[in-house]
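Per my numbering, the sequence shown starts with residue 12, numbered consecutively.
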Amino acid sequence: MLRLTTIIFLLFTIWGCEKDSIYPDFNPNAEMVFPVEADANGYYHVPLNWTGEYYPYFNLKVNADNTPEWAHYNDMSVVTGEFDTDTYFVLGDSVAFTIPLYSPYLGLQTYEGFPIPIRDTIVYLDQFAGTIVPIVQNDTRIYFTEEGERLTSTRIVGPFPPELIGDTISIYMKIKWDIGDILEKDHYVEKFIVE
């Protein structure tokens with residue numbers, strides 16, 4: 012009977028302990044780098060080109076600390092990032108794209124041998140009407156590559172429909188460092204104003 016109570020006590024002791032990181036000395040950090048500096052209130056005013064053929068967007072650079080060499084897989088760090096936002100918009104029924112049309116046998120070609128389109132056609136994608144689109148892609152993660160001592164990656168932010176001009180948008184970021192167990196930090200939040 013003594014052995015059974017000792018085993019039960021040990022099991023509760025093991026399961027009752029809170030799991031800390033197995034590597035407490037590793038405390039990495041990450042940052043979102045906007046193409047402009049923040050104002051005095053910490054908001055970014057990203058200038059967008061509203062005169063183009065498509066809705067504007069911009070590239071958000073992301074930097075993260077590298078993992079120690081002992082945590083590399085095949086001599087590489089495994090660090091990923093996930094994003095979310097508080098702003099979405101709904102697609103209308105006029106989503107379209109242009110398809111170039113070629114004449115494969117009689118058409119003109121560039122000096123490199125690439126065909127030159129003779130005309131184009133517009134295809135409307137009304138089957139996507141009503142689709143909710145986030146300002147930052149939130150269903151896939153990014154992977155980082157080494158750039159000097161730090162890791163870097165990019166996430167596209169946008170497209171922005173004109174009805175969002177003047178809105179303040181938040182971007183949330185979660186970074187995961189694989190060091191044998193997963194070290195996760197999700198306190199990264201930046202705000203910008205659509206201009």
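Even glycine gets a Cβ: it sits at the ideal position worked out from N, Cα and C. Quick caveat, the model's predicted, so the values are computed rather than measured.
Item	Value
Go ahead and pull the three-state DSSP assignment for Pro145.	strand
If I'm right that Leu59 touches Phe203 with Cβ under 8 Å, what's the distance once you round it to whole angstroms?	Not quite, the Cβ-Cβ distance comes to about 10 Å (not below 8 Å), so this is no contact.
Could you name the residues of the same chain whose beta carbon sits closer than 6 Å to that of Ile176, not counting the 5 residues immediately before and after it, in chain order?	Val205
Locate the beta strand (DSSP E) running through Ile182, then write down its first and last residues.	Thr179 to Asp189
Please determine, among Glu48, Thr179, Asp189 and Ile167, the residue with the shortest C-alpha to C-alpha distance to Tyr66.	Ile167
DSSP three-state call for Glu206: helix, strand or coil?	coil
Can we say the region 180-199 touches the region 75-87, given the rule of at least three CB pairs closer than 8 Å?	yes
Keeping to the same chain, check which residues put their C-beta closer than 8 Å to that of Val44; ignore five residues upstream and five downstream.	Leu71, Lys72, Val73 and Asn74
With DSSP as the reference, please indicate the residues paired to Asp82 in a beta bridge.	It should be noted that the sequence gives Ala, not Asp, for residue 82. BP columns for Ala82 are empty, so no partner.
I need the straight-line Cα distance from Val200 to Asp95, nearest angstrom please.	10 Å
Tell me, which residues are paired with Ala212 by DSSP?	Outside the shown range of the chain, which is 12 to 206, sits residue 212, and nothing can be said about it.
Please classify Ala41 as buried or exposed, where buried requires at least 16 other C-beta atoms within 10 Å of its C-beta.	buried
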